[in-house]
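Novice: Chains A and B supply the protein sequences, listed in that same order.
The opening position of the first sequence corresponds to residue 103 in my numbering, with each subsequent residue numbered one higher.
The opening position of the second sequence corresponds to residue 1359 in my numbering, with each subsequent residue numbered one higher.
Got a structure for you, questions after.
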Amino acid sequence: MKVVIADDDKVVIRLLSAGLRRSGFEVIPAYDAMQAIMATMRHLPDVVLLDINMPGGTGIEVIRRIRASSKTTLTPILAMTATATAVERDMALELGAMDCLEKPLDIEELVLRLNAIAA
Amino acid sequence: VDLEATELETLRQVFLDDADRCLTVLDESLVALERHPTDSEMLGTVSVSIELPASSRACGVAPPRSLERPEASTEQKGIQVLIAEDKIAISRVAALPDPSPALDEEALSRAVRGDVELVGDLLALFRPEAAAALDRIEQALSDGDPSGVAAAAHAIKGTLASLHARAAAGTAGELEEMGTVSDLDRWVALLARLRVQMRQVQGELEALIDRMESRTEGPT
């Protein structure tokens, strides 16, 4: 199962990548909005794990772009943020994210969640 | 002493400001002490900071037992956090036990599953991110740019939360939510607290790596 992890925070990407790779996932890291869009278009992942609070609010723009492409319009997106305000959560869900998860993410719960999406 | 609520709040704020100023001086002194361990002036500054718990009792805002067992009640939380941090900072010189670890080591260990190389990578990534975040916050404060402070604080809050450094993430969250720069002293105090906490996070990550490595190597 392929997962794009998009976050400008290298610590988060390193931690989540290690946890997911241990559980057998293929991980494609993306460190900014442009990389996230490119990685999603190129690799057509099973899930995109996306920080919606990247600088400039670009996580929301990433969701829009992914949804706008016919190749990725159905790609499941899990949003994540250090603090999910009601506005951010609503915006992410409105644009098509499956959920908005609050950091720190529990790896075991995340693995269960991703496996459920893949099933 | 019977005090009106407003007087108590003023007194509490005075203590908080004093404590933050003291911690800033203490933090700088510790760096200097590490370089010049016999500097009597620096030792004098550290000893002033050791008086903090006594000054809190004089203010009547933190009962003595709270020094040993900080509780998370809302009205005393800020004071207790400061006192705990003061003890943490002092412990680096006086070898007192740390009253409150900066990392939830159990949660972090669960996340890394004993992978010492991964913790090493996290530390290597955290160091420059922490320094850059502090610089960005400081610069934004100097520029009177609250949105710049909020953005930098938010970014490092995510990093700290992911490392399970809850207290430091909380301080970053307070900085993020300050909103305006009208209370500059409070901003500066929070930044000073965050600096101390991030240094402790770094120290505990280093210690965790040492322990993991020694467990891997086993008895010699």
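All C-beta atoms in this analysis are idealised placements derived from N, C-alpha and C, irrespective of residue type, glycine included.
#1: So, for B/E1535: in the same chain, excluding its five sequence neighbours on each side, which residues have a beta-carbon less than 7 Å away from its beta-carbon?
#2: May I have the straight-line CA-CA distance separating B/S1467 from B/A1509, to the nearest angstrom?
#3: Determine the direct distance from the alpha carbon of A/K104 to that of A/A138, and round the result to whole angstroms.
#4: Measuring CB atoms only, is the stretch 110 to 126 of chain A touching the stretch 201 to 221 of chain A, in the sense that at least three cross pairs come out at less than 8 Å?
#5: Could one say the Cβ of B/T1574 lies closer than 8 Å to chain A's Cβ atoms, at least one of them?
#6: Pick from A/L197, A/L180 and A/A199: whose alpha carbon is nearest that of A/L207?
#7: Run through DSSP, which three-state label would A/D192 get?
#8: Can you give me the start and stop residues for the alpha helix (DSSP H) that A/E204 sits inside?
#9: What does the alpha-carbon distance come out to for the pair B/D1357 and A/V189?
#10: Start and end of the alpha helix (DSSP H) containing A/I139?
#11: Check whether the Cβ atoms of B/D1568 and B/H1522 lie closer than 8 Å to each other.
#12: A/P131 lies in the beta strand (DSSP E); which residues open and close that run?
#13: Rounded to whole angstroms, what is the Cα-Cα separation between B/A1530 and B/E1575?
#14: Can you name the start and end residues of the beta strand (DSSP E) that B/L1476 belongs to?
#15: How far does the alpha helix (DSSP H) with A/K112 in it extend, from its first residue to its last?
#16: Is there contact between the stretch 1490 to 1506 of chain B and the stretch 158 to 173 of chain A, where contact requires at least three CB pairs shorter than 8 Å?
#17: So what's B/T1574 in DSSP terms, helix, strand or just coil?
#18: A/A108 lies in the beta strand (DSSP E); which residues open and close that run?
#19: Would you call B/R1553 buried or exposed, if buried means 16 or more other Cβ atoms sit within 10 Å of its Cβ?
#20: Pair every Cβ in the stretch 105 to 114 of chain A with every Cβ in the stretch 146 to 159 of chain A, then say whether three or more of these pairs are closer than 8 Å.
#21: If you reduce the DSSP assignment to three classes, tell me which class A/D153 lands in.
#22: Between B/E1562 and B/P1459, which are expected to be in contact by the criterion C-beta below 8 Å, what is the C-beta distance as a whole number of angstroms?
#23: Here's the rule: buried if 16 or more other CB atoms are within 10 angstroms of the residue's CB, otherwise exposed. What is A/N217?
Specialist: Answer, in terms of the structure:
#1: Nothing meets the Cβ criterion.
#2: Going by the C-alpha atoms only, they are around 29 Å apart.
#3: Spanning the alpha carbons of A/A138 and A/K104 requires a straight line of approximately 13 Å.
#4: Yes, the stretch 110 to 126 of chain A touches the stretch 201 to 221 of chain A.
#5: So, not an interface residue.
#6: The candidate whose alpha carbon is nearest that of A/L207 is A/L180.
#7: Looking at A/D192 - three-state DSSP - the assignment turns out to be helix.
#8: DSSP places A/E204 outside any alpha helix (DSSP H); the residue lies instead in the beta strand (DSSP E), whose first and last residues are D201 to E204.
#9: It is not possible to answer for residue 1357 of chain B, since the shown part of chain B is limited to 1359 through 1578.
#10: It spans A135 to H145 - the alpha helix (DSSP H) in which A/I139 sits, taken as one unbroken run.
#11: Between B/D1568 and B/H1522, the CB-CB gap reaches or exceeds 8 Å.
#12: Residue range E128 to A132 is occupied by the beta strand (DSSP E) that includes A/P131.
#13: Their Cα atoms are separated by approximately 37 Å.
#14: From DSSP, B/L1476 is part of no beta strand (DSSP E) but of the alpha helix (DSSP H) over V1474 to S1500.
#15: According to the DSSP assignment, A/K112 belongs to the alpha helix (DSSP H) that extends over K112 to R124.
#16: In this structure the stretch 1490 to 1506 of chain B does not touch the stretch 158 to 173 of chain A; the number of beta carbon pairs closer than 8 Å is below three.
#17: B/T1574 falls in the helix class under three-state DSSP.
#18: Per DSSP, the continuous beta strand (DSSP E) segment holding A/A108 begins and ends at K104 to A108.
#19: That one is buried.
#20: Because the criterion of three Cβ pairs below 8 Å is met, the stretch 105 to 114 of chain A and the stretch 146 to 159 of chain A touch.
#21: In the structure shown, the three-state DSSP call for A/D153 is strand.
#22: Between B/E1562 and B/P1459 a beta carbon distance of about 6 Å is seen, short of the 8 Å cut, so the two are scored as contacting.
#23: That one is exposed.
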